[in-house]
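Visitor: So that we are looking at the same thing, I have put the structure below in structure tokens.
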Amino acid sequence: MACAWAVAFAVLHFYWAMGGSWGLGVSAGPLAEERPGWFVVVGLWGVGLLCLVGGVLGWLLARPRPRGPAGRVVKALGWCACAVLLIRGIAVEVLLLTDAAGSETDVSPEQRLWTLLLWNPWFLVGGLVFGLAARRYRTHG
0 MACAWAVAFA VLHFYWAMGG SWGLGVSAGP LAEERPGWFV VVGLWGVGLL CLVGGVLGWL
60 LARPRPRGPA GRVVKALGWC ACAVLLIRGI AVEVLLLTDA AGSETDVSPE QRLWTLLLWN
120 PWFLVGGLVF GLAARRYRTH G
């Protein structure tokens, strides 16, 4: 499940990197329209590649755990992915719900709604599936 989550997010980022726009405007705001080079390279292609690495990690977590350091590293990386995704989802959700940045931010009401209802829950689901995968990761034999 973690593998599928990461690959789906990678596909979405690659779609955006190749010029697709569905959902990007409400998640990236002005960057979506301007598409500066650094944003396309790092924020779209780079994140897409990072998601594919996450897909490999999710795939490894679904396989029998090898004995020794390799198995411990895979499990630790699974827990790290879980923590990063949950912290990101929860932190942004709390910041938006409490309006911590106030009027000093350029977040439109539409961006705020999509982030609260779609993007942050997506990160929370990712954190949960990586956490479950790491928890279920067992030594074989």
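Reminder that position 39 of the sequence shown reads as 38 in numbering that gives the first Met the number 0, one-by-one numbering, no gaps. Ideal Cβ placement from N, Cα and C applies to all residues, glycine included. Small disclaimer: the values here were computed from a predicted structure and weren't measured.
#1: Between which two residues does the alpha helix (DSSP H) holding T97 run?
#2: Taking the Cβ atom as the reference point for each residue, do F13 and L84 lie within a distance shorter than 8 Å?
#3: Shortest alpha-carbon distance to V93 belongs to which of P108, T114, P68?
#4: When you compare the CB positions of C2 and G47, do they come within less than 8 Å of one another, or not?
#5: Can the beta-carbon of G54 be found closer than 8 Å to that of V91?
#6: Could you give the residue range of the alpha helix (DSSP H) that holds V46?
#7: Going along the chain, which residues of its own chain have a beta-carbon closer than 7 Å to the beta-carbon of P35, five neighbours each way excluded?
Guide: This is what the structure holds:
#1: Here residue 97 refers to the residue found at position 98 when the sequence shown is read from its first residue. In the DSSP assignment, T97 falls within the unbroken alpha helix (DSSP H) covering 68-97.
#2: Here the question's residue 13 lines up with position 14 in the sequence shown. Here the question's residue 84 lines up with position 85 in the sequence shown. Not closer than 8 Å, so no.
#3: Against the sequence shown, residue 93 aligns to sequence position 94. Of the candidates P108, T114, P68, the residue whose Cα lies closest to the Cα of V93 is T114.
#4: The residue labelled residue 2 in the question sits at position 3 within the sequence shown. The residue labelled residue 47 in the question sits at position 48 within the sequence shown. Against a cut-off of 8 Å, the Cβ pair of G47 and C2 comes out as no contact.
#5: Translated into positions along the sequence shown, residue 54 becomes position 55. Translated into positions along the sequence shown, residue 91 becomes position 92. Contact: no.
#6: In the sequence shown, the residue the question calls residue 46 occupies position 47. Unbroken alpha helix (DSSP H) run through V46: 46-61.
#7: Along the sequence shown, read from residue 1 onward, the residue named residue 35 stands at position 36. No residues qualify anywhere along the chain.
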